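**Q**
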Amino acid sequence: MKNTLIVLRKLFELQFIENNAESFWLSSNKVLNNLKVNIIIYSFLLLFAMLFTVYMYMEIYKNSYAIERILGVTHRSASRYLLIPLYIFTTIGIGLSSYFGYQTAIKNSKKILEEILGKLPCSLDFSINIKFIFPIFLTIAGVFVIQSLLMVLRLKNRSLLEFFRNKNKENEMKGKKLAVVDFDITDSEFSIESLTDVLSSDDLSINVGKGKEAIKGYGKKHIFRSILTTTLMVVVTGLLVGTLTWLINVIELNKDFIDKTISKTTIFGKIEYVGEAKFSFKGDIPEVILDKILKTGLVEDYFAFVDNEYSEINIDRSGIIETIQKDVSKIAYYERYLFMTVLASNKELNSDNGIKLSGVEDQSIIDKFNSYTLTQDEIPILASTVAMDTYNLKIGDKVSLKDAGLNYPDVYGTIVGTFETYGLPTYDVYCKQQFLIPRNKVFETFIFPLEAVRLIVRNGINYVKIDLIFDKEKNKELYYNREEILNQVAKTNSGESTGFKLVIYGEKLTETIRPLEKNLELLSIIYPIILVLSLLIGVALPYLLILRRSEELSIMRVLGVKEVEIKGYVFGESLLLIIVGEIIAIAVINVVTFKSGIYPIWKYLLIIVGYLLASIIGILVSLKNVLYKKPLEMLHVKE
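Here the UniProt record's numbering is used: position 554 in the sequence shown is 554, and no number is missing along the way.
(1) So V416 is in the alpha helix (DSSP H); what residue range does that whole segment cover?
(2) Do you know whose CA, among T229, I456, K264, lies nearest A404's CA?
(3) So, with DSSP's three-state summary, where would you put M173?
(4) Give every residue of the same chain whose Cβ lies closer than 6 Å to the Cβ of L627, excluding the five residues on either side of it in the sequence, and list them in chain order.
(5) Taking 7 Å as the limit between beta carbons, can you name the residues of its chain near G242, skipping five residues before and five after?
(6) Return the bridge partner residues of G269 from the DSSP annotation.
(7) Looking at C-alpha atoms only, which residue of P515, R482, L523, F448 is the closest neighbour of Y505?
(8) If I follow the unbroken alpha helix (DSSP H) through T385, where does it start and stop?
(9) Could you please give the first and the last residue of the uninterrupted alpha helix (DSSP H) stretch that includes V561?
(10) Could you tell me how far apart the beta carbons of F443 and V386 are, in whole angstroms, since I believe they sit closer than 8 Å?
(11) Note down the Cα distance separating T231 from L545, rounded to an integer number of angstroms.
(12) Pick from R514, K347, A540, V288: whose alpha carbon is nearest that of N459?
(13) Could you work out which residue in E420, P135, Y81, G72 is closest to residue 643 when comparing CA atoms only?
(14) With L606 as the anchor, note down where its alpha helix (DSSP H) starts and where it stops.
(15) Compute the distance between the beta-carbons of S79 and I251, then report whether it is under 9 Å.
(16) Is the Cβ-Cβ distance between N346 and F303 less than 9 Å?
(17) Alpha carbon to alpha carbon, how far is K394 from S378? Give it in angstroms, no decimals.
(18) Pop quiz: Y611 and I248 are said to be a contact at Cβ under 8 Å. What is the actual Cβ separation, rounded to whole angstroms?
(19) What do you get for V145, buried or exposed, if any count of 16 or more other CB atoms within 10 angstroms of its CB means buried?
(20) How many angstroms separate the CA atom of E451 from the CA atom of S364?
(21) Hey, V342 and V453: beta-carbon distance below 9 Å or not?
(22) On the CB-based measure, 16 or more other CB atoms within 10 Å of its CB, does V306 come out buried or exposed?
(23) By the three-class DSSP mapping on this structure, what secondary structure does Q376 have?
(24) To the nearest whole angstrom, what separates the beta carbons of residue 640 and I271, a pair I think is in contact under 8 Å?
(25) Does P286 come out as helix, strand or coil in the three-state DSSP assignment?
(26) In the DSSP output, which residue or residues are listed as bridge partners for F303?
See below:
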């Protein structure tokens with residue numbers, strides 16, 4: 001058989017070639033699912049950004065609201081003037097950012113899939129179901145409106161003069177440099193007797209009635225604030241920790257899916273010659289190339305096929321030697337071309353992964369051929385029926401093939417049987433049956449044992465076909481060390497061979513893994529950002545909430561509660577709420593991801609401990625700032 005090899009280029013390359021429709025749709029679903037994940041992550045970031053925006057907006061424009069109220073504008077009108085610009089610009093900002101963010105996500109998803117398939121099918125739907133978007137939109141809008149209305153209601157309940165009290169107090173402090181002394185109930189000169197002397201019974205009854213009303217109002221306000229603070233601390237902690245643990249679970253789930261896909265996939269491959277163009281009657285893949293691949297330990301099994309064409313055949317008929325040579329230059333166009341082909345492989349004949357023969361009359365002939373060893377004197381060979389007719393051969397004749405003009409000793413094989421046609425095994429995912437050579441294409445062909453071919457060629461076997469099956473247990477090493485394997489093949493030069501290509505066929509592998517790896521890269525960028533934001537919020541949230549309780553803590557100090565006890569009370573309460581929020585978040589995430597079977601406990605613990613430490617920092621800093629001030633300085637009496 002002639003082999004004409006045409007050079008493609010003088011380069012060495014490692015190619016992964018997969019074209020599997022089922023795996024493409026599987027990977028496209030993974031990409032679209034990760035698109036939804038990115039939308040949810042964006043929604044969380046947008047929600048936190050909006051909460052911060054509303055807070056800062058109200059703090060900046062609260063004095064404008066107070067001025068309008070002082071000038072006689074009603075609360076409803078002043079609130080409308082305050083909220084309408086916020087709603088308008090927020091809607092525009094959210095709309096534009098969502099539109100461009102969605103378009104960018106769609107563009108990147110299409111780019112990932114186009115890298116796999118080249119051209120996307122029209123049936124691939126990138127639209128997101130309204131049932132998925134609407135709850136997210138409703139949640140964000142609801143939280144935004146509720147927070148803005150609560151902050152406006154808070155402005156309404158404040159005294160109008162209180163808006164400007166802090167600035168006036170700062171000016172007085174700068175001008176007069178007054179020092180506020182701490183008020184200690186034990187050092188006070190007031191006594192119960194002096195109070196009874198100053199106050200009459202009528203005044204006392206009036207003051208007691210007003211005091212009851214004030215205490216009742218303060219109690220309601222304190223209860224509402226406690227409920228709001230508790231809920232806010234637990235909910236925000238749960239959302240942040242839940243988001244981080246959910247992201248970790250998504251990342252680990254993708255990694256686990258990639259590992260399982262790699263380890264459970266049967267990967268096929270082959271070695272091809274891509275060196276300089278040359279006309280050859282034998283294979284161009286030297287055995288040294290195969291040895292280098294086998295030394296990697298990644299190959300589980302292989303099929304190596306020899307297809308050598310010679311120009312001289314010697315026939316020994318009971319001691320009478322007949323030599324037939326062919327000279328291509330002397331063959332007329334009307335004369336039939338004679339073949340002198342030798343086939344061999346490393347597998348047994350008629351085995352599941354070896355050369356399959358048809359037309360063999362006796363199975364014992366195949367057994368005799370497969371059991372050959374170098375210690376045997378007689379080399380069993382099989383001849384095609386065409387060769388038997390062309391060269392007038394019969395069973396028992398001895399045949400030797402070699403290149404004319406060479407002085408190598410003749411290596412004779414004894415014809416023990418005949419065959420009509422043969423088939424080659426297919427080591428790839430595209431063909432499920434043996435490649436059968438048509439009968440009219442099987443010419444003068446002889447099948448030798450591979451070890452006997454080594455005696456003929458002398459200077460090493462050259463293969464025309466090498467198919468590989470890689471070890472599943474080492475698929476991960478194969479997939480992530482492609483370049484190293486390429487170098488082991490590419491650095492080998494043998495004779496006129498200047499380069500070889502290792503082609504690897506992976507069923508449902510690269511099409512599935514590549515988009516997931518792209519999404520893992522995206523998540524590896526998003527996760528640290530959300531982690532940093534969560535830790536910052538973990539510091540800021542307890543800090544701000546404790547500052548809001550400065551009035552309550554001042555009253556406790558005035559009533560004689562020790563500073564250490566206040567610290568322990570506030571610290572324990574805040575820490576308990578944070579731990580409750582974390583436990584709820586972990587429980588919800590575990591319920592949601594129960595079917596996945598992925599539980600990265602250590603990473604969960606790192607998130608929990610990290611957020612807890614950030615919150616402790618916020619609590620301690622806030623307590624230091626609150627307790628550093630004098631009690632009377634923190635008590636604000638409304639005008």
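Each residue gets a CB set at the ideal place from its N, CA and C atoms; glycine is no exception.
All values derive from a computational prediction rather than experimental measurement.
**A** With the structure as the only source:
(1) First-last for V416: 413-419, but that is the beta strand (DSSP E), not the alpha helix (DSSP H).
(2) Of T229, I456, K264, the residue nearest in Cα terms is I456.
(3) Confidence at M173 is low in this model, with a pLDDT of 49, below 50, so the placement of that residue should be treated as unreliable; the coordinate-derived value is given next. Correct three-state label for M173: helix.
(4) E563
(5) A585, V588, I589
(6) L468, I504
(7) R482
(8) 385-390
(9) Boundaries cannot be given for V561, as no alpha helix (DSSP H) includes it and DSSP labels it neither H nor E.
(10) The beta-carbon separation of F443 and V386, rounded to 5 Å, stays under the 8 Å limit for a contact.
(11) 12 Å
(12) V288
(13) In the structure as shown, the chain starts at 1 and stops at 639, and residue 643 therefore has no counterpart that could be examined.
(14) 601-628
(15) no
(16) Yes, the pair counts as a contact, with Cβ atoms nearer than the cut-off.
(17) One point to set straight first is that residue 378 is Glu, not Ser, in the sequence displayed. So the two alpha carbons sit approximately 16 Å from each other.
(18) Not really, about 13 Å apart at Cβ, beyond 8 Å.
(19) exposed
(20) 20 Å
(21) yes
(22) Buried, by the Cβ-count rule.
(23) coil
(24) This structure cannot settle anything about residue 640, because the visible part of the chain is limited to 1 through 639.
(25) strand
(26) D467
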